[in-house]
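By this note's numbering, the letter at position 318 of the sequence shown is numbered 318, and the numbering carries on one by one without gaps.
Heads up, the beta-carbon is just placed ideally off N, CA and C, and yes, glycines get one too.
Owing to the predicted nature of the structure, the values given are computational and were not obtained by experimental measurement.
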Amino acid sequence: MRTMSKTRLLGFRFLLAVVIAMSMVFIVTPVEACGCGIYIPLDGEASVSEELVLIRWDGQTEDIIVTLGVLGGSSEAAVIFPVPAQADVKLADAEIFDALQELTKPITKKRIALLPVLLAGAPPDSAVTLLSRQKLGPFDVSTLAATDADALSNWLAENGYNLAPEVTAALEPYVQMNWYYVAVRLSPEAGSNELTGELDPLWITFDYDKIIYPMRLSALARDSLTVFMYVLADHRVQKPMSFGYEDVQFADWVEPASLESDSPLAPFITKKMFLTKIVEQIYQPETITNDYIFEFATTDETFHLVNYQYIYDIGGIPFFFLIPAGILLMLFILVIGGIWIIVKLIRKYA
């Protein structure tokens with residue numbers, strides 16, 4: 001569906017909380033946290049295996065496009081996304097991460113090598129208010145406001161989102177900050193018996209004065225996380241807080257003229273913007289204590305990963321043979337040339 005998933009290069013997680021429960025018996029299943037939340041299958045053994053995130057911020061409005069990779073099988077699933085303001089939700093172009101992968105791919109440069117080398121390789125009066133509900137493809141999406149974490153958990157349980165007790169506790173900081181919640185029920189498309197592979201990307205939009213990527217719920221993850229974040233803004237961004245190994249893999253200006261006419265990135269790159277790609281590997285999710293807040297870097301220095309293609313031969317002849325042979329040839333020419341000069345001088349003065 002998208003390049004990153006086809007090549008299985010990378011994986012995971014965005015700014016959401018994914019919670020999956022069991023089916024009609026209201027038995028709570030283990031949670032699987034991702035970059036912004038938690039995921040739990042209503043049945044089966046599905047779990048989040050890949051989450052890719054595009055964040056766009058124009059100084060006032062933030063767009064988040066997130067896709068989840070699911071391994072295993074589940075006839076239904078549910079997802080909860082905490083967001084700092086009331087959000088609009090719709091589906092994004094399924095090919096958007098293909099385009100991002102192509103746009104940020106490493107530059108290839110050639111180098112001559114003598115010997116082969118090993119290369120290292122996102123308040124109403126009632127405790128819970130349903131603000132909106134809509135059907136988006138395979139998703140049943142509800143937008144909620146809540147002033148009490150227990151009431152929020154009760155509402156979710158009554159509507160088929162059964163949370164483990166630790167998830168309720170993890171939601172408390174968001175309730176205290178008067179955040180909102182996008183609750184998403186995932187069902188396989190008609191004719192499909194399992195929810196596997198890649199889910200359609202969600203496009204969540206809300207107004208906020210900062211670039212933020214909720215991460216607190218990821219502290220509940222059982223396994224290590226890898227978060228792939230593409231951030232479009234007026235300048236290069238950096239992330240002051242990190243909970244693992246962070247790697248900037250792309251940083252450069254992009255503009256509409258550089259896109260193909262039918263590019264899925266066209267709705268987001270409507271003017272010249274700076275695209276920063278950050279990948280963070282979190283080996284100990286329990287150390288996550290806060291959300292990511294991005295800020296502008298001190299400079300708009302550009303950066304591209306470079307893959308070096310090493311050239312070891314010419315016409316099938318290795319350089320480690322050609323170089324000594326070339327040296328011997330030069331010595332031979334010098335010797336012959338020297339002898340010729342000496343002979344010529346001898347004849348001249350004989």
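Query raised in the report: Does the count of Cβ pairs from the segment 273-285 and the segment 242-252 closer than 8 Å reach three?
Result: yes
Next item on the list: Kindly indicate the opening and closing residues of the beta strand (DSSP E) around residue 353.
Entry: Outside the displayed range of the chain (1 to 350) lies residue 353, so it cannot be described from this structure.
- When DSSP builds the beta bridges, which residues end up paired with residue 242? The residue labelled residue 242 in the question sits at position 242 within the sequence shown. Beta-bridge pairing links residue 242 to no other residue.
### Query
Run through DSSP, which three-state label would residue 132 get?
The residue labelled residue 132 in the question sits at position 132 within the sequence shown. It is a strand residue.
Can you give the Cα-Cα distance for residue 348 and residue 333, rounded to whole angstroms? Locating residue 348 in the sequence shown gives position 348, where the first residue counts as 1. Locating residue 333 in the sequence shown gives position 333, where the first residue counts as 1. Each residue's Cα considered, the two are about 22 Å apart.
Does the Cβ-Cβ distance between residue 85 and residue 206 come in under 8 Å? Indexing the sequence shown from 1 puts residue 85 at position 85. Indexing the sequence shown from 1 puts residue 206 at position 206. Against a cut-off of 8 Å, the Cβ pair of residue 206 and residue 85 comes out as a contact.
Do residue 161 and residue 127 have their beta-carbon atoms positioned less than 8 Å apart in this structure?
Taking the first residue of the sequence shown as 1, we reach residue 127 at position 127. Taking the first residue of the sequence shown as 1, we reach residue 161 at position 161. Taking 8 Å as the Cβ cut-off, residue 127 and residue 161 do not qualify as a contacting pair.
For residue 208 and residue 309, what's the separation of their Cα atoms in angstroms? For the purposes of this step, residue 208 is taken as residue 208 along the sequence shown, with counting starting at 1. For the purposes of this step, residue 309 is taken as residue 309 along the sequence shown, with counting starting at 1. Looking at the two C-alpha atoms, the distance is approximately 44 Å.
(message) Here's the rule: buried if 16 or more other CB atoms are within 10 angstroms of the residue's CB, otherwise exposed. What is residue 227?
(response) Residue mapping note: residue 227 aligns to position 227 of the sequence shown, counting from 1. It is buried - the Cβ of residue 227 has at least 16 other Cβ atoms within 10 Å.
What's the call for residue 257, buried or exposed, on a 16-neighbour Cβ count within 10 Å? Residue numbering aside, residue 257 sits at position 257 when the sequence shown is read from its first letter. Classification for residue 257: exposed.
ask   = When burial is assigned at 16 or more other CB atoms within 10 Å of the CB, is residue 218 buried or exposed?
value = To locate residue 218, count along the sequence shown from 1; it is residue 218. Buried, since its Cβ has 16 or more Cβ neighbours within 10 Å.
Taking the alpha carbon of residue 222 as the point to measure from, which residue in 79, 307, 285 has its own alpha carbon closest? Along the sequence shown, read from residue 1 onward, the residue named residue 222 stands at position 222. Among 79, 307, 285, the Cα nearest to that of residue 222 belongs to 285.
Check your understanding: Since residue 360 and residue 272 are thought to touch, with beta carbons under 8 Å apart, how far apart are those beta carbons, to the nearest angstrom?
Key -> Lying before the first or after the last residue shown, residue 360 is absent from the chain, which here runs from 1 to 350.
key: DSSP beta-bridge partners of residue 288   = Taking the first residue of the sequence shown as position 1, residue 288 is located at position 288. Per DSSP, none; premise fails for residue 288.
Please classify residue 250 as buried or exposed, where buried requires at least 16 other C-beta atoms within 10 Å of its C-beta. One-based indexing of the sequence shown puts residue 250 at position 250. So residue 250 counts as buried.
Put residue 63 into one of helix, strand or coil per three-state DSSP. Residue mapping note: residue 63 aligns to position 63 of the sequence shown, counting from 1. The answer is strand: DSSP assigns residue 63 an E or B state.
DSSP on residue 117, reduced to helix/strand/coil? Along the sequence shown, one-based indexing puts residue 117 at 117. Because the pLDDT at residue 117 is just 45, under 50, the model does not fix this residue reliably, and the point stays unresolved.
Exercise for the section: Enumerate in chain order the residues of its own chain whose CB-to-CB distance from residue 155 is below 6 Å, with the five nearest sequence positions on each side excluded. Expected result: What you label residue 155 is simply residue 155 of the sequence shown in a count that begins at 1. Contacts found: 128.
Relative to the C-alpha of residue 354, which residue among 57, 234, 202 is closest? For the chain, the structure presents residues 1 to 350; residue 354 sits outside this window and is missing.
Residue range of the unbroken beta strand (DSSP E) whose run includes residue 230: For the purposes of this step, residue 230 is taken as residue 230 along the sequence shown, with counting starting at 1. Per DSSP, the continuous beta strand (DSSP E) segment holding residue 230 begins and ends at 225-233.
* As assigned by DSSP and simplified to three states, the class of residue 263 -> The sequence position of residue 263 within the sequence shown is 263, counting from 1. In the structure shown, residue 263 sits in coil (DSSP, three-state: anything other than H, G, I, E or B).
(message) How far does the alpha helix (DSSP H) with residue 153 in it extend, from its first residue to its last?
(response) For the purposes of this step, residue 153 is taken as the residue at position 153 of the sequence shown. First-last of the alpha helix (DSSP H) with residue 153: 149-158.
**Request:** Spatial neighbours of residue 146 within its chain, please: CB distance less than 6 Å, with the 5 preceding and 5 following residues excluded, ordered by chain position.
**Result:** One-based indexing of the sequence shown puts residue 146 at position 146. Closer than 6 Å at the Cβ level, and outside the excluded window around residue 146, lie 128, 152, 175.
Item to complete: Give a yes or no on whether the C-beta atoms belonging to residue 304 and residue 274 are separated by under 8 Å.
Response: One-based indexing of the sequence shown puts residue 304 at position 304. One-based indexing of the sequence shown puts residue 274 at position 274. No, Cβ-Cβ distance for residue 304 and residue 274 is not below 8 Å.
* Asked: Between the C-alpha atoms of residue 338 and residue 330, what's the straight-line distance to the nearest angstrom?
  -> Here residue 338 is taken as the residue at index 338 of the sequence shown, counted from 1. Here residue 330 is taken as the residue at index 330 of the sequence shown, counted from 1. About 12 Å.
Practice task
For residue 266, I'd like the list of residues in its chain whose CB is within less than 8 Å of its CB, leaving aside the five on either flank, ordered along the chain.
Solution key: As a position in the sequence shown, residue 266 is number 266, starting the count at 1. These residues qualify, in order along the chain: 256, 259.
For residue 229 versus residue 53, is the C-beta spacing smaller than 8 Å? Taking the sequence shown and counting its residues from 1, the one referred to as residue 229 is at position 229. Taking the sequence shown and counting its residues from 1, the one referred to as residue 53 is at position 53. Contact: yes.
Q: Work out the CA separation of residue 169 and residue 248 for me, nearest whole Å.
A: The count along the sequence shown starts at 1 and reaches residue 248 at position 248. The count along the sequence shown starts at 1 and reaches residue 169 at position 169. C-alpha separation (whole angstroms): 33 Å.
### Message
I'd like to check one pair, residue 252 with residue 302: are the Cβ atoms closer than 8 Å?
### Response
Mapped onto the sequence shown, residue 302 falls at position 302. Mapped onto the sequence shown, residue 252 falls at position 252. It is a contact, given that the beta carbons lie within the stated cut-off.
Tell me the rounded alpha-carbon separation between residue 351 and residue 102. With the chain represented from 1 up to 350, any question about residue 351 goes unanswered, as that position is not in the structure.
Checklist entry - What do you get for residue 212, buried or exposed, if any count of 16 or more other CB atoms within 10 angstroms of its CB means buried? => result Locating residue 212 in the sequence shown gives position 212, counting from the first residue. Counting Cβ neighbours within 10 Å, residue 212 comes out buried, since at least 16 surround it.
One question on the structure: do residue 99 and residue 224 come within less than 8 Å of each other, judged by their Cβ atoms? Taking the first residue of the sequence shown as position 1, residue 99 is located at position 99. Taking the first residue of the sequence shown as position 1, residue 224 is located at position 224. Not in contact: residue 99 and residue 224 (Cβ atoms no closer than 8 Å).
Beta-carbon proximity list for residue 342, same chain, < 8 Å, skipping 5 on both sides: Mapped onto the sequence shown, residue 342 falls at position 342. Apart from the 5 residues on each side of it in sequence, residue 342 has no Cβ closer than 8 Å to any other Cβ in its chain.
>> Using only the alpha-carbon positions, how far apart do residue 290 and residue 216 sit?
In response: On the sequence shown, position 290 is the one that residue 290 refers to. On the sequence shown, position 216 is the one that residue 216 refers to. The alpha-carbon atoms of residue 290 and residue 216 are separated by roughly 5 Å.
> Distance, Cα to Cα, residue 300 vs residue 83?
Replying inline: As a first step, residue 300 is located in the sequence shown; it is residue number 300 there, counting from the start. As a first step, residue 83 is located in the sequence shown; it is residue number 83 there, counting from the start. Distance between the alpha carbons of residue 300 and residue 83 is about 28 Å.
inquiry  = Assuming contact is defined by CB atoms lying nearer than 8 Å, are residue 231 and residue 276 in contact in what I supplied?
reply    = Along the sequence shown, read from residue 1 onward, the residue named residue 231 stands at position 231. Along the sequence shown, read from residue 1 onward, the residue named residue 276 stands at position 276. Against a cut-off of 8 Å, the Cβ pair of residue 276 and residue 231 comes out as a contact.
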